[in-house]
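A.B. asks:
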Amino acid sequence: IAGVVVTHGTATLEETAWMLALTVMATIVSFYEFGFSALLPYWMKSLHFSEEEFTHFLALAVFLSAVSAMFGGPLADRHGRVVVIDVCLVIIVALTFCNLLMTGFWSFMIVRGAMNIVAGLMWGALGGLTRDMSPRVSRGAAFGLLTLGAVAGQWLWNEVPAQTLLMFGERW
Numbered sequence: 003i004a005g006v007v008v009t010h011g012t013a014t015l016e017e018t019a020w021m022l023a024l025t026v027m028a029t030i031v032s033f034y035e036f037g038f039s040a041l042l043p044y045w046m047k048s049l050h051f052s053e054e055e056f057t058h059f060l061a062l063a064v065f066l067s068a069v070s071a072m073f074g075g076p077l078a079d080r081h082g083r084v085v086v087i088d089v090c091l092v093i094i095v096a097l098t099f100c101n102l103l104m105t106g107f108w109s110f111m112i113v114r115g116a117m118n119i120v121a122g123l124m125w126g127a128l129g130g131l132t133r134d135m136s137p138r139v140s141r142g143a144a145f146g147l148l149t150l151g152a153v154a155g156q157w158l159w160n161e162v163p164a165q166t167l168l169m170f171g172e173r174w
């Protein structure tokens, strides 16, 4: 519904607040999911790949995100920014659970590569949605709320393990 409002008319204050909340939630979830990258060096031994392969993956991940971000904006213009963000968010959450299925270097490449492609698409749409919201709340406040997701995602990434890893002792 919010995607239709954004593309076909003026959004009400409630609809704008909903879009703003969705944008902040999308950035929090996105940054939280990608916070798992900090654990990747611990996974390298169990996934049977070297630091060199990991370095190649990181270069490829940046490239995949950049290329997909070029398509995210036009895709969002065609189908609606909120629709693209919703779909990308659901896919990223599903791919996060697919992290449990990684058994080696190639499964790691497929899952994490797909996450980078989807995140790039989402970032292309998030920029446009933030720009759309800026007349209602000011451009500075809109982009400030967009970066709130990055900060909150990193805070969440540090807080959740701090509260849960002690339960596992040295077994994690």
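Residue numbers (the working numbering): 3 to 174. Glycine included, each C-beta is placed from N, C-alpha and C at the ideal position. Note that this is a predicted model, so its numbers are computed, not measured.
Which of the three DSSP states, helix, strand or coil, is assigned to Thr-105?
C.D. replies: In the structure shown, Thr-105 sits in coil (DSSP, three-state: anything other than H, G, I, E or B).
A.B. asks: Have a look at Gly-130 and Glu-54 and give me their C-alpha separation to the nearest angstrom.
C.D. replies: Rounded to whole angstroms, Gly-130 to Glu-54 spans 36 Å at the Cα level.
A.B. asks: Quick check on this structure: which residue in Arg-114, Phe-110, Val-89 has the alpha carbon closest to the alpha carbon of Leu-123?
C.D. replies: Nearest of Arg-114, Phe-110, Val-89 to Leu-123, Cα basis: Val-89.
A.B. asks: Along the chain, where does the alpha helix (DSSP H) that runs through Thr-57 open and close?
C.D. replies: Counting along the chain, the alpha helix (DSSP H) containing Thr-57 begins and ends at 53–81.
A.B. asks: Should Leu-168 go down as buried or exposed, given a rule of 16 or more other Cβ atoms within 10 Å for buried?
C.D. replies: Exposed, since its Cβ has fewer than 16 Cβ neighbours within 10 Å.
A.B. asks: Can you tell me whether Thr-132 is helix, strand or coil according to DSSP?
C.D. replies: The answer is helix: DSSP assigns Thr-132 an H, G or I state.
A.B. asks: Using beta-carbon positions only, say whether Phe-110 and Leu-49 come within less than 8 Å of one another.
C.D. replies: Going by C-beta atoms, Phe-110 is nearer than 8 Å to Leu-49.
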